[in-house]
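Colleague: Read in the working numbering, the sequence shown has 1322 at position 281, and its numbers run on one by one without any break.
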Amino acid sequence: MHKLVSKQYGMDNLPEGERCVVETQNGTICGYIDKRDEGVYYKFKGIPYAEPPLDKLRFMPPIPIKPWKNTLDCTKDAPLPLSIYVDQEVQGSEDCLYLEVSSPNIKPNKPLPVMFWIGSCNFTFYIDHILDPTPLNNGDIVFVRCGFRLGPFGFLSINEFTAPGNVGLKDLILALKWIQNNISKFGGDPNNVTAFGSSTGGIEKSDKFEIVEEMRKLPAQYLMETYTTWFINKYKWDNDVFDSVFKPCIESEFEGQPVFLCKSPAIILKSGNFNKVPIMIGSNNVEAFVFQFIKDNFYEDYEKYNENIRLLVPKSLANVNSDSLKKIGQQILSFYFNSAEGLNEHTRVQYLQFLTDYYFLYYVNKTVQIHSQVAPDCPIYYYVLYYAGEWFVPKELGFFNSIGHAAEVPFIFQIKAKDSKFYKGSCDSLTTRDRFVKMWTNFAKYGNPTPNDDDELLQITWDPVESEKKLNFLSIGSDLTKGRNPFRKRMAFWDNLHQEHIILKIITHMSDMGLRF
């Protein structure tokens, strides 16, 4: 059931001058005008783009929303996807396939660029409801985001028709189609849409079966709470700390169902068979820092690693014999930790850097290298964030004050508090946000984050990557500086490790195809 205009919703309580009505392809919607000191913004929340994925539609691809006759009230926040918040509590609803549009002008002289935000962390955590897009709107951007299914609801796959997998990604595709068909009504340009986001996930081929019908019968809250308990317990014991059981997979083809991924993204990238557009990509200097906030007693792993060095080898590389495993572990220990000293309280920084390199930086770097090979005429803007913001946020959001995973988010959005006010930041943090937003919105407008050489705020030209051996990048600290080939020695270590151990080459190749031993 979708919200129709009635006295129980906010629409009827709005003065006529604060309403904004738009005619979409599915029907009329009513949003509200948000007047602030910074400007005027046209907000539309809870726009349905798909039928609620309930009952028999659980685990199935999304179905486009049917048209409605009455005006739909789009002044209230839609339910969040069922997910885990940073305090490890379950939040949200299974009925979550709604869009939010925020526009600085619904009738501009010239259509405005559109930025489509894809949220979530590891296809499990979700904090989008505290992210306010006003800074992007102030850059003359129409901002869109959508709820999409996460965890088991979005990524359960048994390689059968009843649960084909990747339905969370198919939600996003349907939302993008909605943007193409409707965003002009909100002042946006359907021919200039930039998809952007934060965080990461993996790809896996699945062969699980005979569980879907039973899982459809479970209450959604119970299913998510059970998954949360398993997820947290897994993180207490598993050395593959950034893995997730429910994530994108390579699909089989079923009659009447669209396929999102029939090959691994790594294979597609290396083939060059993809839409070649300008890319902005980067990472934060110590991505693994965030894990201190989501895993209790994070550093208590030291002793088990010192007792069994094989455990130091990431699980995705651990399918080798015991002697090779020990040798690889010793090489990692020697390179990152000074093997004579081992892992202890004094090597915390090295421990975080090791996790960061393997789970994030190495693969970002390889992606940039491969892309520069297969699409040399397509500009790649590569960055590394070295600046830790100073945001006055509660303890559970302390990872924003780091150079860890998701630390870039408050440089793009304002962070909302529970009372709907915004958390403040230091002057330097706000200046860095201004720079971030200027470069990100420039990229959406022009395909170039620094199109003007004389920009007083940026005072720099961001050079794109030249080649796989010349990885130009922008270092984002308290100032903006240029660099080339970030983390060169550490990236070379992982390249050499794969070259030395031929079995790792095979594992990497199999992983690229979405297969596990």
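From the three backbone atoms N, C-alpha and C, an ideal C-beta is built for every residue, glycine too.
#1: Lys1345 to Lys1523, Cα distance in whole Å?
#2: Using the C-alpha atoms, what's the distance from Met1101 back to Leu1213?
#3: If you draw a straight line from the C-alpha of Arg1531 to the C-alpha of Asp1398, how long is it?
#4: Taking the alpha-carbon positions, what's the Cys1187 to Asp1181 distance?
#5: Residues in the same chain with beta-carbon distance under 7 Å from Arg1476, minus the five sequence neighbours each way, listed in chain order, please.
#6: Go through its chain and collect everything with a Cβ distance to Leu1353's Cβ below 7 Å, but skip five positions before and after it.
#7: Drop a sphere of 10 angstroms on the beta-carbon of Glu1141, count the other beta-carbons inside from all chains shown, and report buried for 16 or more, exposed for fewer.
#8: What first and last residue would you give for the beta strand (DSSP E) that runs through Ile1421?
#9: Is it buried or exposed, Leu1264, if we count other Cβ atoms within 10 angstroms and call 16 or more buried?
#10: Could you check the C-alpha separation between Pro1624 and Ala1458 for me, to the nearest Å?
#11: According to DSSP, is Thr1522 part of a helix, a strand, or is it coil?
#12: My parser needs the beta strand (DSSP E) runs of 3 or more residues fully inside the region 1449 to 1496; what are they?
#13: Out of Phe1376, His1412 and Gln1410, which one is the CA nearest neighbour of Leu1396?
#14: Please classify His1412: is it buried, with 16 or more other beta-carbons within 10 angstroms of its beta-carbon, or exposed?
#15: Measure the C-alpha to C-alpha separation of Leu1055 and Asp1173 and round it to an integer number of angstroms.
#16: DSSP three-state label for Arg1077, please.
#17: Buried or exposed: Ser1508, going by 16 or more other Cβ atoms within 10 Å of its Cβ?
#18: Are the region 1418 to 1429 and the region 1317 to 1335 touching by the rule of at least three beta carbon pairs closer than 8 Å?
#19: So, do the region 1148 to 1161 and the region 1458 to 1472 have three or more beta carbon pairs nearer to each other than 8 Å?
#20: What's the C-alpha gap between Leu1113 and Asp1096?
#21: At what residues does the alpha helix (DSSP H) containing Leu1213 begin and finish?
#22: Can you give me the Cβ contacts of Gln1540 inside the same chain, cut-off strictly under 7 Å, excluding the 5 residues immediately before and after it?
#23: Return helix, strand or coil for Lys1530, following the three-state DSSP convention.
#24: Tell me which residue opens and which closes the alpha helix (DSSP H) that Val1409 is part of.
#25: If you draw a straight line from the C-alpha of Asp1078 to the C-alpha of Leu1310, how long is it?
#26: Tell me the rounded alpha-carbon separation between Leu1366 and Arg1351.
#27: Taking 7 Å as the cut-off, does the CB of Phe1227 come closer than this to any heavy atom belonging to the ligand HEM?
#28: With a threshold of 16 other CB atoms inside 10 Å of the CB of Ala1533, please say whether the residue is buried or exposed.
#29: Give the DSSP bridge partners of Glu1092, in chain order.
#30: Using the three-state DSSP reduction, which class does Asp1418 fall into: helix, strand or coil?
#31: Measuring CB to CB, does Leu1393 end up less than 8 Å from Gly1323?
#32: Verify the CB distance criterion: does Gly1370 have a CB-CB separation below 8 Å to chain C?
#33: Leaving out five residues on either side along the sequence, give the residues of the same chain with a beta carbon under 7 Å from the beta carbon of Tyr1464.
#34: Within 10 angstroms of its Cβ, does Glu1057 collect 16 or more other Cβ (buried), or is it exposed?
#35: Quick check on the burial criterion: 16 or more other C-beta atoms within 10 angstroms. Buried or exposed for Ser1124?
#36: Looking at the unbroken alpha helix (DSSP H) that takes in Asp1230, where does it start and where does it end?
Modeller: So, to answer that:
#1: 40 Å
#2: 14 Å
#3: 8 Å
#4: 20 Å
#5: Leu1498, Leu1499 and Leu1521
#6: Tyr1346, Gly1370, Ile1373 and Leu1374
#7: buried
#8: Ile1421 to Leu1426
#9: Only weak support is given to the placement of Leu1264: the predicted model assigns it a pLDDT of 46, under 50, and the question is left unresolved by the model.
#10: Since the displayed the chain opens at 1042 and closes at 1558, residue 1624 lies outside it and no answer follows.
#11: strand
#12: none
#13: Phe1376
#14: buried
#15: 21 Å
#16: coil
#17: exposed
#18: yes
#19: no
#20: 24 Å
#21: Val1208 to Asn1223
#22: none
#23: helix
#24: Tyr1403 to Val1415
#25: 45 Å
#26: 6 Å
#27: Here there are no bound small molecules, and the ligand HEM is not part of this structure.
#28: exposed
#29: Glu1092 is not bridged to any residue.
#30: coil
#31: no
#32: No chain C appears in this structure, which consists of one protein chain only.
#33: Trp1432, Phe1433, Val1434, Ile1456 and Ala1458
#34: exposed
#35: buried
#36: It is not in any alpha helix (DSSP H) - Asp1230 instead sits in the beta strand (DSSP E) that spans Gly1229 to Gly1238.
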